[in-house]
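K.L.:
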Amino acid sequence: MNKEQSFQENNQSEQEIPVNHTETEAVESEVPASEATEGSTTADTGSDEMVSKAELERVLAQLEEQTQRVLRAQADFDNFRRRTQKEKENLAKYASEQLITELIPVVDNFGRAMATKPESPELESFNKGIDMIFRQLDEVLKGAGLTQMDAVGQPFNPELHQAVMQVESDEHEEGIVVEELQKGYVLKDKVLRPAMVKVSS
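So the sequence shown is residues 1 to 201, counted in full-length UniProt numbering.
(1) Going by C-alpha distance, which of 91, 175, 115, 192 is nearest residue 152?
(2) Three or more beta-carbon pairs under 8 Å between the stretch 86-93 and the stretch 167-181, yes or no?
(3) Give the single residue among 138, 114, 141, 190 whose Cα lies nearest to the Cα of residue 128.
(4) Tell me, please, which residues DSSP counts as bridged to residue 198.
(5) Would you check if the distance between the CB atom of residue 111 and the CB atom of residue 149 is smaller than 8 Å?
(6) Taking a contact to mean a Cβ-Cβ separation below 8 Å, would you say residue 154 touches residue 194 in this structure?
(7) Which residue's Cα is closest to the Cα of residue 156: 198, 135, 139?
(8) Using the three-state DSSP reduction, which class does residue 154 fall into: helix, strand or coil?
(9) In three-state terms, what does DSSP make of residue 84?
(10) Count the other CB atoms, across all protein chains shown, that sit within 10 Å of the CB of residue 71; report buried if there are 16 or more and exposed otherwise.
(11) Can you find the residues in the same chain that come closer than 7 Å, C-beta to C-beta, to residue 144, ignoring five residues on each side of it along the sequence?
(12) Kindly indicate which three-state DSSP category residue 99 falls into: helix, strand or coil?
(13) Smallest Cα separation from residue 106: which of 141, 52, 196, 77?
(14) Check each candidate in 191, 124, 190, 201 and name the one with the smallest Cα separation from residue 178.
(15) Can you name, in chain order, every residue of its own chain whose Cβ lies under 8 Å from the Cβ of residue 23, other than the five neighbours on each side?
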């Protein structure tokens, strides 16, 4: 190889150097763009986080509202269940109330007939039969929970007694039932008919 060829090859090698510098500069110039992209991504991430917090608050508010609705519905259902149960118990407890109420005047008339029955040897067997029937009816009504009030001698109670007359009495203090004109009846713990009474004044 002569000196001239060697000189040309050296010149070509030296000319390639600027090309490599240009590529390096191009690569280096891309770095700020990448950093800018990373910064933009960070900003977008922060925005997404803010949106997520707002969405979470909205969902929590909806959850609280739905929870309150469920609690109110459960309370309404519990009240309905208790009211229905009480109505069923009262229905079972006072199922015979209407029938017994209609039988009370029959019992009154039966009692009046018993009080005026004639005393005669010829009617003795008949009277005994009537007494047995009356006692049987009384036992059936007692078995259903019906009881007669014992009003005479008791203090007047407007929830139990119906005063139709006031009379002077030396034997009783004021406000005491001295006479019962019509019997009062209680079905279990419910007054079916107050007693009609005279009260001392």
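Glycine included, each C-beta is placed from N, C-alpha and C at the ideal position.
Since this is a predicted model, take the numbers as computed values, not measurements.
P.N.:
Looking at the atomic coordinates:
(1) Within the sequence shown, the letter at position 152 stands for residue 152. Comparing Cα-Cα distances from residue 152 to each of 91, 175, 115, 192, the minimum goes to 175.
(2) By the Cβ rule, the stretch 86-93 does not count as touching the stretch 167-181, because fewer than three pairs are nearer than 8 Å.
(3) On the sequence shown, position 128 is the one that residue 128 refers to. Nearest C-alpha to residue 128: 114.
(4) Taking the sequence shown and counting its residues from 1, the one referred to as residue 198 is at position 198. Answer by DSSP bridge pairing, in chain order: 165, 179.
(5) Along the sequence shown, one-based indexing puts residue 111 at 111. Along the sequence shown, one-based indexing puts residue 149 at 149. With respect to residue 149, residue 111 sits apart: the two C-beta atoms are not nearer than 8 Å.
(6) One-based indexing of the sequence shown puts residue 154 at position 154. One-based indexing of the sequence shown puts residue 194 at position 194. Against a cut-off of 8 Å, the Cβ pair of residue 194 and residue 154 comes out as no contact.
(7) The sequence position of residue 156 within the sequence shown is 156, counting from 1. Closest by alpha carbon: 198.
(8) Translated into the one-based positions of the sequence shown, residue 154 becomes position 154. Coil.
(9) Counted from its first residue, the sequence shown places residue 84 at position 84. The DSSP-derived three-state label of residue 84 is helix.
(10) Mapped onto the sequence shown, residue 71 falls at position 71. Of the residues assessed, residue 71 falls on the exposed side of the cut-off, its CB having fewer than 16 other CB atoms within 10 angstroms.
(11) Position 144 of the sequence shown, counted from the first residue, corresponds to residue 144. Closer than 7 Å at Cβ, skipping near neighbours: 96, 100.
(12) Within the sequence shown, residue 99 is the residue found at index 99, counting from 1. Reduced to three states, the DSSP call for residue 99 is helix.
(13) The count along the sequence shown starts at 1 and reaches residue 106 at position 106. Selected option, being the one with the closest Cα: 141.
(14) Counting from one through the sequence shown, the residue named residue 178 turns up at place 178. Nearest of 191, 124, 190, 201 to residue 178, Cα basis: 201.
(15) Position 23 of the sequence shown holds residue 23. Low local confidence applies: a pLDDT of 45 at residue 23 is under 50, so the model's placement there is unreliable, with the coordinate-based value given in what follows. Hits under 8 Å: none found.
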